[in-house]
Structure formats: C-alpha cells, structure tokens
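Beneath this line is the structure, given in structure tokens, with notes to follow.
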Ligand SMILES: C[S@@+](CC[C@H](N)C(=O)[O-])C[C@H]1O[C@@H](n2cnc3c(N)ncnc32)[C@H](O)[C@@H]1O
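In UniProt numbering, the protein residues as written are 1 to 336.
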C-alpha cells in the first residue's frame with residue numbers, strides 16, 4: 001500500500017509493521033472522533049460546499065482511472081511493493097477455503113501486494129487480479145514470477161479492467177451466472193486457460209473448452225481500491241463485485257477509515273466531496289465511516305458478517321511521532 005503526500009510516495013506505516021506486531025485496537029475510534037471534531041484546525045474537513053471547480057464528477061473527457069494509469073507509469077520501479085503479511089490473519093478464510101482450486105478475484109491489484117500472500121497461503125488457490133493500469137499488471141506479474149510461489153503461471157491470472165465503467169468480463173461470470181440462477185450450477189466450465197495475449201491486456205484469458213465462463217469466484221478482495229474510485233461510482237462497483245461472486249461467496253474489504261491521520265494532510269481545496277479528496281496527481285482518496293460501508297454493501301445485496309474500525313498507533317521511527325491510523329475492516333457474504 002502507498003502513502004501519498006504531495007510529491008511524495010512512501011510505504012504506509014501499516015505495511016512497515018511485521019506480522020508479529022499485528023494488532024487492531026490501540027485506541028477507541030469514538031475518542032479520536034471527539035478529538036478531531038473539536039479541533040479548530042480541522043473544521044474545513046467537516047463543512048462542505050459544492051464548488052463547480054472541485055467536484056468529483058469528471059470535469060474533463062478523461063476517464064477517472066487515467067490518473068491511476070499515470071501514477072503507475074511514474075512509479076514504474078515497483079519499489080512500493082510490500083507484501084501484506086497481515087492479510088491472512090484478517091481473512092483466514094482465504095487459507096481455510098475447502099474448495100478445490102478456490103477462486104479469488106482481487107480488484108485493483110496494483111503491484112500484487114495482496115495477491116502474493118494469497119498465492120503463498122493457499123497453494124491451490126487461483127487468483128484472478130484486475131487493474132486499470134497495464135503497467136502495474138505487468139509489474140505484478142514480474143513480482144509474482146520472481147517469487148517462489150508454486151505454479152504461479154497457472155495460479156496468477158492478471159487482466160485489465162476499469163471495473164466501475166465496463167464491469168467485469170463475461171468469462172468471469174456470464175449473464176446467466178450473475179443472476180439468481182447462479183445457485184444452479186449450469187454448464188459453465190470451471191476453469192479458464194491463458195491465451196497468448198500479454199498480461200494485462202483485456203480478455204487475457206479465453207476458455208479452453210466451449211463453456212461460457214468460469215462460473216464466478218469464491219472471494220472478492222477489495223483492499224484499498226474502493227477509496228481509489230469516485231464516490232459516485234461506488235454503488236455500481238460493489239454491485240458488480242456482488243454479481244461475480246458465487247452464492248455464499250465472501251467479499252473481503254479493507255480501506256481508509258474516517259479520521260485516519262492521512263485525511264488531515266489534505267488542504268481544503270483538495271476536497272472534492274464529503275470525505276473525498278483528490279491528490280495533485282489526480283488520484284482520489286475516500287475515508288469511510290462504518291455506516292457508509294454498511295449502506296453500500298447491504299444496499300448491493302450483501303449480508304454483513306464483520307465490520308469495524310481498525311485503530312493503530314503507528315510510531316514514525318525517524319521522528320518518534322505517534323500517528324493515529326484508522327482502517328475499516330469488513331467481511332460481507334452473498335446469500336447462499
Ligand atoms: C491504492 S491501490 C491498492 C492496490 C492493492 N489492492 C493493494 O492491496 O495494495 C488502488 C489500485 O486500484 C486501481 N484502480 C483505481 N481505479 C480503478 C478502476 N477504475 N478499475 C480498476 N482498478 C482501479 C489502481 O490502479 C491501484 O492499483
């Protein structure tokens with residue numbers, strides 16, 4: 001995960017924590033809320049007036065995902081890659097999944113920080129991973145190929161997709177699979193093969209057999225990706241995730257929480273909507289409260305299993321300062 005300040009990008013404190021240090025309740029979120037809402041210098045974060053020049057609605061003809069494409073071209077060294085080792089502790093179902101060749105879709109995979117621990121932790125899982133940037137998909141593939149993960153060629157399947165705009169490709173789940181009839185497993189083949197296209201191009205996978213799709217996935221991982229798309233696109237993006245999950249499948253969510261310290265680094269003019277900010281490179285960041293997450297996921301048809309703030313005091317080893325970080329952890333299920 002990346003922490004982005006104006007002109008500066010570095011690994012977030014969360015990523016610098018080792019597995020052994022992982023914990024999630026250093027402070028109470030309500031105490032933090034009381035502190036920040038009574039702090040005069042943060043007032044502009046709570047008052048929002050719609051301004052024509054700074055709306056999260058795309059003001060140009062450029063797709064919203066273009067800023068992320070440019071971001072990945074600028075940061076092509078891959079040095080911000082850091083494996084999310086805490087992931088399997090937060091989401092142990094990824095390891096305990098009893099399905100043969102359990103299928104995981106990582107949405108907005110970046111350089112593969114989330115993909116790699118899944119491939120390592122579950123040696124039969126197949127990870128489909130999309131992003132709106134071909135550059136980052138190619139880098140993720142290099143990183144996975146260079147790792148010692150078993151059968152990575154067969155088990156890591158990157159593909160290009162601007163998912164809130166185009167939806168997921170039909171080879172992942174055809175129209176029939178996406179409807180209520182998914183619970184009746186019809187004739188769709190249960191596996192996809194790689195064709196000769198380069199990683200990261202659209203339709204990178206074709207079906208080996210004449211079936212219509214792979215039949216949906218057991219898990220969708222949305223890890224620091226929902227905050228990266230415009231708030232207005234979130235409902236349709238989550239519905240799309242819902243539609244490609246198998247009945248009983250899980251959506252695993254982790255993202256920035258309201259009043260995370262990085263929110264207070266934004267200037268008033270960078271605010272493009274309530275709790276939504278645009279960095280000077282055009283990429284977006286949204287800070288979620290639990291009610292917003294609940295409304296979005298339950299509104300899309302999910303059942304809430306887990307939803308909470310993860311509150312961590314992170315000490316900057318360079319200057320000794322303690323920072324209060326907030327993330328939202330969520331687990332949602334599609335009805336069986
Ligand atoms: C903050 S990064 C998170 C990366 C990764 N999930 C992880 O765990 O580190 C957000 C990712 O979402 C991708 N993204 C942003 N908008 C997207 C879109 N419309 N469609 C697909 N991916 C998108 C970005 O390119 C970026 O790689």
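For glycine and all other residues, C-beta sits at the position ideal for the given N, C-alpha and C.
Can you find a CB in chain C that lies within less than 8 Å of the CB of residue i?
i           : result
residue 270 : In the displayed structure, chain C is absent; only one protein chain is listed.
Could you please give the first and the last residue of the uninterrupted beta strand (DSSP E) stretch that includes residue i?
i           : result
residue 132 : Element bounds for residue 132: n/a, residue is neither H nor E.
residue 246 : 245-256
residue 304 : 303-315
residue 284 : 284-286
residue 346 : This structure cannot speak to residue 346, because the chain is shown only from 1 to 336.
residue 326 : 322-333
residue 100 : It is not in any beta strand (DSSP E) - residue 100 carries neither H nor E in the DSSP assignment.
residue 276 : 276-278
residue 273 : 271-273
residue 218 : 217-223
If you count every other CB in all the chains shown that lies within 10 Å of the CB of residue i, and 16 or more means buried, which is it?
i           : result
residue 41  : exposed
residue 46  : exposed
residue 337 : No information on residue 337 is available, as it lies outside the stretch 1 to 336 that the chain covers here.
residue 248 : exposed
residue 158 : buried
residue 257 : buried
residue 287 : buried
residue 169 : buried
residue 73  : exposed
residue 140 : buried
residue 144 : buried
residue 87  : buried
residue 166 : exposed
residue 223 : buried
residue 243 : buried
residue 84  : buried
residue 254 : buried
To the nearest angstrom, how far is the alpha carbon of residue i from that of residue j?
i           : j           : result
residue 230 : residue 67  : 12 Å
residue 273 : residue 123 : 42 Å
residue 101 : residue 126 : 6 Å
residue 104 : residue 310 : 24 Å
residue 279 : residue 263 : 11 Å
residue 130 : residue 266 : 29 Å
residue 352 : residue 321 : The structure shown does not extend to residue 352, since the chain spans only 1 to 336, so no value can be given for it.
residue 334 : residue 221 : 14 Å
residue 99  : residue 275 : 39 Å
residue 118 : residue 90  : 12 Å
residue 174 : residue 245 : 11 Å
residue 111 : residue 134 : 11 Å
residue 295 : residue 164 : 18 Å
residue 113 : residue 285 : 19 Å
residue 28  : residue 234 : 27 Å
residue 36  : residue 268 : 16 Å
residue 183 : residue 316 : The predicted model places residue 183 with a pLDDT of 44, which falls under 50 and marks its position as unreliable; any figure quoted below should be read in that light. Taking the straight line from one Cα to the other gives about 49 Å.
residue 303 : residue 260 : 26 Å
residue 142 : residue 93  : 27 Å
residue 154 : residue 336 : 29 Å
residue 323 : residue 178 : 43 Å
residue 109 : residue 161 : 11 Å
residue 152 : residue 30  : 43 Å
residue 128 : residue 38  : 45 Å
residue 327 : residue 148 : 30 Å
residue 81  : residue 291 : 31 Å
residue 156 : residue 293 : 29 Å
Can you tell me where the alpha helix (DSSP H) with residue i in it begins and where it stops?
i           : result
residue 117 : 115-121
residue 296 : 290-299
residue 90  : 87-90
residue 71  : 66-74
residue 175 : 175-178
residue 155 : 152-155
residue 84  : Here residue 84 belongs to no alpha helix (DSSP H), and DSSP marks it neither H nor E.
residue 33  : 29-37
From the options, pick the residue whose C-alpha is nearest to that of residue i; which is it?
i           : options               : result
residue 325 : 313, 331 and 334      : 313
residue 271 : 44, 37, 33 and 34     : 44
residue 289 : 278, 283 and 329      : 329
residue 277 : 227, 253, 115 and 294 : 227
residue 218 : 29, 147 and 332       : 332
residue 300 : 315, 307, 317 and 236 : 236
residue 95  : 116, 109, 77 and 81   : 116
residue 212 : 176, 92 and 223       : 176
residue 69  : 308, 146, 215 and 137 : 137
residue 150 : 171, 161 and 121      : 121
residue 171 : 162, 215, 146 and 148 : 215
residue 239 : 132, 319, 81 and 297  : 297
residue 250 : 148, 132 and 106      : 106
residue 252 : 38, 156, 307 and 318  : 307
residue 132 : 33, 77, 64 and 318    : 64
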